[in-house]
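J.:
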Amino acid sequence: MKKLSYKKLLLCAGILVILIVLPLIFNTAFSHHIMTMMCIWALLGMGWNFIGGYAGQISNGHAIYYAFGAYTNAMLLQWFNLSPWIAMWIGCLLSAGIAFLIGKGLLRFRGHVFAIATMAVAECVRLIFINTKAIGGATGVYIFNAELDPALYMQFTDTKTYVYLYMAFVVAVLLFVRWLNTTKFCYYLRAINGNETAAESAGINAANYKLWAYMLSAAIVSLAGSLYMQFMRYTDPSMILTSNISMMIVLVTVMGGVGTVYGPLIGAIVLTYISEYTRVYLSHYNGLDMVIYGVLVILIVLFIPDGLISIPGRIRKHREHKAAVKEAPAK
Amino acid sequence: MTVFLQGVYEGIINGSILALIAMGIALVWGVMNILSFSQGEFLMLGMFVSYYANRYLGLDPIVAMPLSAGALFLLGIVIYKLIISRALRGPILSQRLITFALSMVLVYSAQMFFGAEYKQLVNPVIFSGTIDLGFITIAKQKLVPFILALLVAGLLFLFLNRTRMGKAIQATSMDRYAAGLVGINPDRSYTIAFAMASAVAGAAGCALTYYYYMFPNVGATFQLWGFIAVAMGGFGSVTGAFLSGLVMGLADTLTGLYVNTAIKYIGVCVVFLVTVSFRPKGIFGK
Chain Y
1 MKKLSYKKLL LCAGILVILI VLPLIFNTAF SHHIMTMMCI WALLGMGWNF
51 IGGYAGQISN GHAIYYAFGA YTNAMLLQWF NLSPWIAMWI GCLLSAGIAF
101 LIGKGLLRFR GHVFAIATMA VAECVRLIFI NTKAIGGATG VYIFNAELDP
151 ALYMQFTDTK TYVYLYMAFV VAVLLFVRWL NTTKFCYYLR AINGNETAAE
201 SAGINAANYK LWAYMLSAAI VSLAGSLYMQ FMRYTDPSMI LTSNISMMIV
251 LVTVMGGVGT VYGPLIGAIV LTYISEYTRV YLSHYNGLDM VIYGVLVILI
301 VLFIPDGLIS IPGRIRKHRE HKAAVKEAPA K
Chain V
1 MTVFLQGVYE GIINGSILAL IAMGIALVWG VMNILSFSQG EFLMLGMFVS
51 YYANRYLGLD PIVAMPLSAG ALFLLGIVIY KLIISRALRG PILSQRLITF
101 ALSMVLVYSA QMFFGAEYKQ LVNPVIFSGT IDLGFITIAK QKLVPFILAL
151 LVAGLLFLFL NRTRMGKAIQ ATSMDRYAAG LVGINPDRSY TIAFAMASAV
201 AGAAGCALTY YYYMFPNVGA TFQLWGFIAV AMGGFGSVTG AFLSGLVMGL
251 ADTLTGLYVN TAIKYIGVCV VFLVTVSFRP KGIFGK
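As they're listed, the protein sequences go chains Y and V. Each residue of the first sequence is one higher than the one before, counting from 1 in the numbering used here. Each residue of the second sequence is one higher than the one before, counting from 1 in the numbering used here.
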């Protein structure tokens, strides 16, 4: 184990202090709502990053697992009075199982066809959900119950608790992703992403690893879905199973930096900030908020294609380039 | 039997619209390797052009069709020059997201300017009424998309294979740099291809106004189905897109007729997934 330098410890402590203090400074329910949504989107992005970033298979249908996570929470609570603390892990397993089935069928396709196939399957799932009365159909599910014990059933009245709890989840998953980044698993995924044929000729079973990555991404996205359900306490297929949601999951990761550890987190923060503030301040112009959001997304993706996380690197390179040009006088 | 024939007829009509959008997507995909998420929105804009031409100028949608196609051709050129040409230099994922964000901008701009209510054609049109052939009933309005789809498919085929510009576009899609070496301007080929795709979508929108409601989000459903048709038809094949669009329309209507209207889409998806499992590059794919 590496010796922890004082600098790193100080950085971690500083970040911890900021995280604890942030919800206290911005103490309105709206700010807490934004912070909670940032956490949820960060989880979504980090989950998708495994299949989209590391493995390079762009899946446009991850809303399926988001919905499965949310609905598992809700239905297990409604049918068996099961606490979400347990139900969320059951949801993860269920989503991983479904990802296994879907992945087995779809991961043989590459590139655009895979994206279209995942979109098609996501639409199918949405229609199935809308038409299944047992889980609420088009009217959705709703789990708000004031008589339940808040801690046991994760329905807090104080929004600050949500923020801290979800931040803890994000930090935990982030550390997990950081650790996974150094393992053989991610190493092989990067090899597969680089050149699948070459990786296979080196002995890596590409299909298996891609399937594992897909199942892992489904599990994490499902976790985010459970947390979303507990926060919103209501959902229906048109809120979480649309292709817009699937694309936004992709957007969050790509804007931040696809295939990096911290990229999805940054993307989630920036994107949630933009979308929530434009929604609040501009939506009475009948859709202007989404127009601004779309325009900003286009600009960011056009001019910063490697994601926001690459900005420090680019600034540094720019400075080095300028310094080098200055040192070598024009002949 | 008559029910089946009527179902087949309706399916073909339904499939014609899908075929039109699919041809646009296939053109853009085949030439530029971009999955254009905004074709559905061009359809929607075409519908609105036709609606406003009908409301304020009293034009029948058939007459407004060249107007709509022309307007969307110009819009396609502008969008290509401003956005897509820059996007092509970046990674593929960014390209898709840019077209997705573009589709969002178009949908919500339409919502801002045109309002979100469902609209229908106001002034009377030339084609109305039905032709009753005994075994099937043909609504005259619904013939328009089918004839349009055949026309567009034929024209595109002729354009791509018999004119110089068309062959230039095909050459650019095969190898951009080699095409540049022999003197073809790849940027111009891409512009024309993209603009043509949006013009096709605009014309399809005009044809759709005869029997469909107009609202900003109308493109989204057709978009996804267009994607599936293109994936089934094969990468870059316009003919494949046309045929699989028709097949999908048929699958959709017949599933709705004989199984259950709620899961029509699943029938289509099953057809799609089965086809793509056996031929991953699509039926006519290269």
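Glycine included, every Cβ here is placed at the ideal spot set by N, Cα and C. Everything numeric in this text was worked out from a predicted model, so none of it was measured.
1. In chain V, which residues lie with their C-beta within 8 Å of the C-beta of M239 (chain Y)?
2. Could you say which of V:G11, V:I17, V:V238, V:L5 lies nearest to G202 (chain V) if we only look at CA atoms?
3. With a threshold of 16 other CB atoms inside 10 Å of the CB of V3 (chain V), please say whether the residue is buried or exposed.
4. Among V:A207, V:G245, V:L67, V:I136, whose alpha-carbon lies nearest the alpha-carbon of P145 (chain V)?
5. Does any residue of chain V have a CB that is nearer than 7 Å to the CB of I300 (chain Y)?
6. Along the chain, where does the beta strand (DSSP E) containing I147 (chain V) start, and where does it finish?
7. Going by beta carbon distance, what residues of the same chain come within less than 8 Å of K104 (chain Y), once the five residues before and after it are set aside?
8. Could you tell me whether the segment 235-255 of chain V touches the segment 4-15 of chain V, where touching means 3 or more Cβ pairs closer than 8 Å?
9. Is K281 (chain V) helix, strand or coil by DSSP?
10. Checking 7 Å against the spacing of the C-beta atoms, do P216 (chain V) and Q111 (chain V) come in under that value?
11. Report the rounded CA-to-CA distance for N193 (chain Y) versus M104 (chain V), giving the unit in angstroms.
12. Going along chain Y, which residues have a C-beta under 9 Å from L97 (chain V)?
13. Using C-beta distances below 6 Å, list every residue in its chain close to M32 (chain V), excluding the 5 sequence neighbours before and after it, in chain order.
14. State yes or no: is the beta carbon of H32 (chain Y) nearer than 7 Å to at least one beta carbon in chain V?
15. Once the 5 residues before and after M1 (chain Y) are set aside, which same chain residues still bring their CB inside 8 Å of it?
16. Confirm, please, whether the CB-CB distance from A206 (chain Y) to E200 (chain Y) is below 7 Å.
17. Whose Cβ in chain Y lies nearer than 7 Å to the Cβ of M23 (chain V)?
18. Cβ of I169 (chain V) within 7 Å of Cβ of G233 (chain V)?
19. Could you check the C-alpha separation between Y162 (chain Y) and S246 (chain Y) for me, to the nearest Å?
20. When you compare the CB of I116 (chain Y) with every CB in chain V, is at least one pair closer than 7 Å?
21. Give the residues from the segment 94-123 of chain Y that approach chain V closer than 9 Å (Cβ to any Cβ), ordered along the chain.
22. How is Y142 (chain Y) classed by DSSP in three states: helix, strand or coil?
23. Just checking: is the beta-carbon of L175 (chain Y) within a distance shorter than 7 Å of some beta-carbon in chain V?
24. Which of helix, strand or coil does DSSP assign to I131 (chain V)?
25. Once DSSP output is grouped into helix, strand and coil, what is the label at G234 (chain Y)?
26. Just reading off the alpha helix (DSSP H) that T183 (chain Y) is part of, what are its end residues?
27. Do A96 (chain Y) and A218 (chain Y) have their C-beta atoms within less than 7 Å of each other?
28. In the segment 51-62 of chain Y, which residues sit with their C-beta less than 7 Å from some C-beta in chain V, listed in chain order?
29. Flag V21 (chain Y) as yes if its beta-carbon sits less than 7 Å from any beta-carbon of chain V, otherwise no.
30. Residues bridged to M229 (chain Y) by DSSP?
31. Using a Cβ-Cβ cut-off of less than 9 Å, give me the residues of the segment 97-112 of chain V that come near chain Y, in sequence order.
32. According to DSSP, is T197 (chain Y) helix, strand or coil?
33. DSSP state of T255 (chain V), grouped into three classes?
34. Would you report the Cα separation of L302 (chain Y) and N49 (chain Y), rounded to the nearest angstrom?
35. Bridge partners for K119 (chain V) per DSSP, in chain order?
T.: Reading from the atomic positions:
1. Here residue 239 (chain Y) refers to the residue found at position 239 when the first sequence is read from its first residue. The premise fails here: M239 (chain Y) is roughly 15 Å from chain V at the closest Cβ pair, so nothing lies under 8 Å.
2. Sequence index remark: in the second sequence, residue 202 (chain V) carries index 202 (1-based). Nearest of V:G11, V:I17, V:V238, V:L5 to G202 (chain V), Cα basis: V:I17.
3. The residue given as residue 3 (chain V) occupies position 3 in the second sequence. That one is exposed.
4. Position 145 of the second sequence, counted from the start, is the residue given in the question as residue 145 (chain V). It is V:A207 whose Cα lies nearest to the Cα of P145 (chain V).
5. Your numbering for residue 300 (chain Y) matches position 300 in the first sequence. No - not a single Cβ of chain V is within 7 Å of the one on I300 (chain Y).
6. Residue mapping note: residue 147 (chain V) aligns to position 147 of the second sequence, counting from 1. Taken as a continuous stretch (DSSP letters only), I147 (chain V) belongs to no beta strand (DSSP E), being part of the alpha helix (DSSP H) at 140-162.
7. Your numbering for residue 104 (chain Y) matches position 104 in the first sequence. For K104 (chain Y), where only same-chain residues beyond five positions count, the Cβ hits under 8 Å are L211.
8. yes
9. Counted from its first residue, the second sequence places residue 281 (chain V) at position 281. Here K281 (chain V) sits in coil by DSSP.
10. Within the second sequence, numbered from 1, the residue matching residue 216 (chain V) stands at position 216. Within the second sequence, numbered from 1, the residue matching residue 111 (chain V) stands at position 111. Cβ atoms of P216 (chain V) and Q111 (chain V): closer than 7 Å.
11. Within the first sequence, the letter at position 193 stands for residue 193 (chain Y). Within the second sequence, the letter at position 104 stands for residue 104 (chain V). Rounded to the nearest angstrom, the two C-alpha atoms are 29 Å apart.
12. As a working mapping, residue 97 (chain V) is identified with position 97 in the second sequence. Near L97 (chain V) (Cβ distances below 9 Å), the residues of chain Y are M247, V250, L251, V254, M255, V297, I298, V301.
13. Position 32 of the second sequence, counted from the start, is the residue given in the question as residue 32 (chain V). Here the set comprises Y190.
14. Taking the first sequence and counting its residues from 1, one reaches residue 32 (chain Y) at position 32. False, the Cβ-Cβ gap to chain V never drops below 7 Å.
15. Here the question's residue 1 (chain Y) lines up with position 1 in the first sequence. Confidence at M1 (chain Y) is low in this model, with a pLDDT of 48, below 50, so its placement is unreliable and no value can be given for it.
16. The residue labelled residue 200 (chain Y) in the question sits at position 200 within the first sequence. The residue labelled residue 206 (chain Y) in the question sits at position 206 within the first sequence. The answer is yes: Cβ separation under 7 Å.
17. What you label residue 23 (chain V) is simply residue 23 of the second sequence in a count that begins at 1. None at all; the shortest Cβ gap to chain Y is about 16 Å.
18. Here residue 169 (chain V) refers to the residue found at position 169 of the second sequence. Here residue 233 (chain V) refers to the residue found at position 233 of the second sequence. No, they are not a contact pair.
19. Within the first sequence, the letter at position 162 stands for residue 162 (chain Y). Within the first sequence, the letter at position 246 stands for residue 246 (chain Y). Distance between the alpha carbons of Y162 (chain Y) and S246 (chain Y): 24 Å.
20. Translated into positions along the first sequence, residue 116 (chain Y) becomes position 116. By this cut-off, I116 (chain Y) is an interface position.
21. G105, L106, R108, F109, R110, G111, H112, V113, A115, I116, A117, M119, A120, V121, E123
22. Within the first sequence, the letter at position 142 stands for residue 142 (chain Y). In the three-state DSSP reduction, Y142 (chain Y) falls in the strand class (E or B).
23. By one-based count along the first sequence, residue 175 (chain Y) stands at place 175. Answer no: the Cβ-Cβ gap between L175 (chain Y) and chain V never drops below 7 Å.
24. Indexing the second sequence from 1 puts residue 131 (chain V) at position 131. Strand, per DSSP.
25. Start at 1 with the first residue of the first sequence, and residue 234 (chain Y) comes out as number 234. It should be noted that the sequence gives Tyr, not Gly, for residue 234 (chain Y). Strand.
26. One-based indexing of the first sequence puts residue 183 (chain Y) at position 183. Looking at the DSSP string, T183 (chain Y) is not in any alpha helix (DSSP H), and its letter there is neither H nor E.
27. Against the first sequence, residue 96 (chain Y) aligns to sequence position 96. Against the first sequence, residue 218 (chain Y) aligns to sequence position 218. Yes, Cβ-Cβ distance for A96 (chain Y) and A218 (chain Y) is below 7 Å.
28. Only I58 from the segment 51-62 of chain Y bring a Cβ to less than 7 Å from some Cβ of chain V.
29. Residue mapping note: residue 21 (chain Y) aligns to position 21 of the first sequence, counting from 1. For V21 (chain Y), the answer is no, since every Cβ of chain V falls outside 7 Å of its Cβ.
30. Locating residue 229 (chain Y) in the first sequence gives position 229, where the first residue counts as 1. According to DSSP, residue pairing for M229 (chain Y) in a beta bridge does not occur.
31. Of all residues in the segment 97-112 of chain V, L97, I98, F100, A101, L102, S103, M104, V105, L106, V107, Y108, S109, A110, Q111, M112 have a Cβ within less than 9 Å of some Cβ in chain Y.
32. Counting from one through the first sequence, the residue named residue 197 (chain Y) turns up at place 197. Correct three-state label for T197 (chain Y): helix.
33. Along the second sequence, one-based indexing puts residue 255 (chain V) at 255. Looking at T255 (chain V) - three-state DSSP - the assignment turns out to be helix.
34. The residue labelled residue 302 (chain Y) in the question sits at position 302 within the first sequence. The residue labelled residue 49 (chain Y) in the question sits at position 49 within the first sequence. Going by the C-alpha atoms only, they are around 20 Å apart.
35. Here residue 119 (chain V) corresponds to residue number 119 of the second sequence, with the count starting at 1. Answer is V:M214.
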